[in-house]
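Engineer: Below is one structure. I have some questions about it.
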Amino acid sequence: MENIRTFAPMKRAIVSVINDLVTDQRVSKSCLALQKAGYEVLLVGRQQRKSPPMDERPYASHRMRLLFEKGPHFYAEYNIRLFLFLLFHRANLLLSNDLDTILPCYFVSRLKRQKLVFDSHEYFTETPELVNRPRVQRVWKRIEGFVVPKLDEMITVCDSIADLFHEKYGVKCYVIRNIPPRKALPPKGDRLALGLPTDKHLLILQGSGINIQRGAEELVQAMALLDDCFLMIIGGGDVLSILKQMVEELKITERVRFFPRMPYQQMMTYTQLAELGFCLDKDTNLNYRFSLPNKLFDFIQAGVPIVASHLTEIEKIINNYDLGLFIENHEPETIANTIREALSDEERRGQWKRNLALAALDLCWENEEQKLLEIYSHYD
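Under our numbering, the first residue of the sequence shown carries the number 18, and numbering increases by one thereafter.
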């Protein structure tokens, strides 16, 4: 009798996020780690009217086109669509990224008895967009209070936020920092080829969330006081239109240039040219107070000294390795003076560069990924 061999289907993970997938490096790294853990991966998000095309990736992705792109109708439509998608697609594990995808992932995981991982990229209910809208904030707090206590464990981005979740809900919280890979740097760009001035100090502000209360407005105002500097603003966010208007009104179009969101490799060709990078979030809410933004680690990998505000997790990293300076307040004059101080001391900048190279060896995804793989092994 002929022997018939049967093969069990490969483990499958569906990773859910509410953005358009293009520039979310944390989610991409999580998908690649899931592949290393033996999962077939499907990443699910949305496609906006102005979304750039997806680059090629070694895992599958699906972007849903929605009728609404913002507001309560958008969140309702996305969550319903995501629930139906998850309900009718096979998975052994669901990875929910942030609170705005947790409800459909939670309900489907219970209905289909699937394993659920929750990765909170920030302290969502304390973002300024919600703190200033108490009725909307209450809705998200109810969602958080409904789901998180039912989880045995979860993932977040820094010790301070992990402590908040643990103290509030008793959930075991792993910390996986959003750090770029050590070997991911492209060749450094050429100023002339990129259309950048060769006779000015290059500064950079980057990120997909250049939003309110992140110091961007004051940084642009500081540029009016710095005729020997040129600021690159790369990315997207709520205040970009305001920043562009400010640049026009201040008549500093020759000192500030805006670049759209771009793939990570392309962005880093610009980042490596900068002499200073900025992390200027304001201590106006818990989410910003305990933030540990991607751009901090991008600057470290690119060897770019940092000018930052005094925020708990950022200050810990910069002080531990001695990587730059802090502003004492957000007055444009203070920011301008701090930039001048940082640029004027060649010896100190050289030490920062040496410290950045050492920090880059420690603060890289290759080290952080090992912790994530250990977490995923719990779900085998």
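Note that the Cβ used here is the ideal one computed from N, Cα and C, for glycine as well.
1. Could you tell me which residues DSSP pairs with histidine 218 in its beta bridges?
2. Using DSSP's beta-bridge definition, name the partner residues of serine 78.
3. Which residue or residues does DSSP assign as beta-bridge partners of cysteine 296?
4. What are the boundary residues of the beta strand (DSSP E) that includes asparagine 114?
5. Residue range of the alpha helix (DSSP H) that valine 398 falls in?
6. If contact is defined by three or more beta carbon pairs under 8 Å, each pair taking one atom from either stretch, is the region 155 to 174 in contact with the region 128 to 137?
7. Of the choices Gln65, Leu389, Phe295, whose alpha-carbon is the least far from that of phenylalanine 343?
8. Where leucine 313 and glycine 206 are concerned, what is the direct C-alpha to C-alpha distance, given to the nearest angstrom?
9. Please list the terminal residues of the continuous beta strand (DSSP E) segment that includes arginine 29.
10. Taking the alpha-carbon positions, what's the arginine 63 to glycine 162 distance?
11. Quick check: the region 228 to 247 against the region 261 to 273, are at least 3 beta-carbon pairs closer than 8 Å?
12. What residues match up with isoleucine 172 in a beta bridge as DSSP calls it?
13. Beta-carbon within less than 6 Å of methionine 27's beta-carbon, same chain only, minus the 5 sequence neighbours each way: which residues are those?
14. For arginine 127, is the classification buried or exposed, using 16 other Cβ atoms within 10 angstroms of its Cβ as the cut-off for buried?
15. Would you check if there are 3 or more beta carbon pairs closer than 8 Å linking the region 174 to 192 to the region 325 to 338?
16. Buried or exposed: where does proline 197 fall if 16 or more other Cβ atoms within 10 Å of its Cβ makes it buried?
17. If you pair each beta-carbon of the region 110 to 119 with each one of the region 32 to 52, do three or more pairs fall below 8 Å?
18. Quick one: grab the DSSP three-state call for isoleucine 367.
19. In the DSSP assignment, find the unbroken alpha helix (DSSP H) run with asparagine 260 in it and report its ends.
20. I need the boundaries of the beta strand (DSSP E) containing phenylalanine 276, first residue and last residue.
21. Is isoleucine 335 a contact residue of the ligand ATP, with contact defined as CB to any heavy atom under 6 Å?
22. Under the three-state reduction of DSSP, which class applies to isoleucine 334: helix, strand or coil?
23. Apart from the five residues on each side of it in sequence, which residues of its chain come closer than 8 Å, Cβ to Cβ, to histidine 106?
24. Report yes if the C-beta distance between isoleucine 335 and glycine 341 is below 7 Å; otherwise report no.
Structural biologist: According to the data block:
1. Note: histidine 218 is bridge-paired with Cys246 in the DSSP secondary-structure output.
2. Serine 78 is bridged to Leu60.
3. According to DSSP, which records beta bridges pairwise, cysteine 296 is partnered with Ala325.
4. Taken as a continuous stretch (DSSP letters only), the beta strand (DSSP E) holding asparagine 114 covers 110 to 114.
5. A question about residue 398 goes unanswered here, because the residues of the chain that appear run from 18 up to 397.
6. Yes: at least three Cβ pairs fall under 8 Å.
7. Among Gln65, Leu389, Phe295, the Cα nearest to that of phenylalanine 343 is on Phe295.
8. Straight through space, the alpha carbons of glycine 206 and leucine 313 are spaced by roughly 20 Å.
9. 29 to 33 is the span of the beta strand (DSSP E), which, as asked, contains arginine 29.
10. Glycine 162 has its alpha-carbon roughly 26 Å from the corresponding atom of arginine 63.
11. When C-beta atoms of the region 261 to 273 are compared with those of the region 228 to 247, three or more pairs fall below 8 Å, so the two segments count as touching.
12. Beta bridge pairing from DSSP links isoleucine 172 with Asp136, Tyr191.
13. Correct list, in chain order: Glu57.
14. Label assigned to arginine 127: exposed.
15. Taking one beta carbon from each stretch, the region 174 to 192 and the region 325 to 338 have 3 or more pairs nearer than 8 Å; the two touch.
16. Buried.
17. As far as the Cβ criterion goes, the region 110 to 119 touches the region 32 to 52, which means the pair count is three or higher.
18. A small fix is needed here, since residue 367 is glycine in this sequence, not isoleucine. Glycine 367: helix per DSSP, three-state reduction.
19. The displayed chain sequence assigns leucine, not asparagine, to residue 260. It spans 257 to 267 - the alpha helix (DSSP H) in which leucine 260 sits, taken as one unbroken run.
20. Per DSSP, phenylalanine 276 belongs to the beta strand (DSSP E) from 273 to 276.
21. This structure does not include the ligand ATP; it has no bound ligands of any sort.
22. Three-state result, isoleucine 334: helix.
23. Once the five neighbours on either side are set aside, the close Cβ partners of histidine 106 are Ile31, Leu59.
24. Yes, they are a contact pair.
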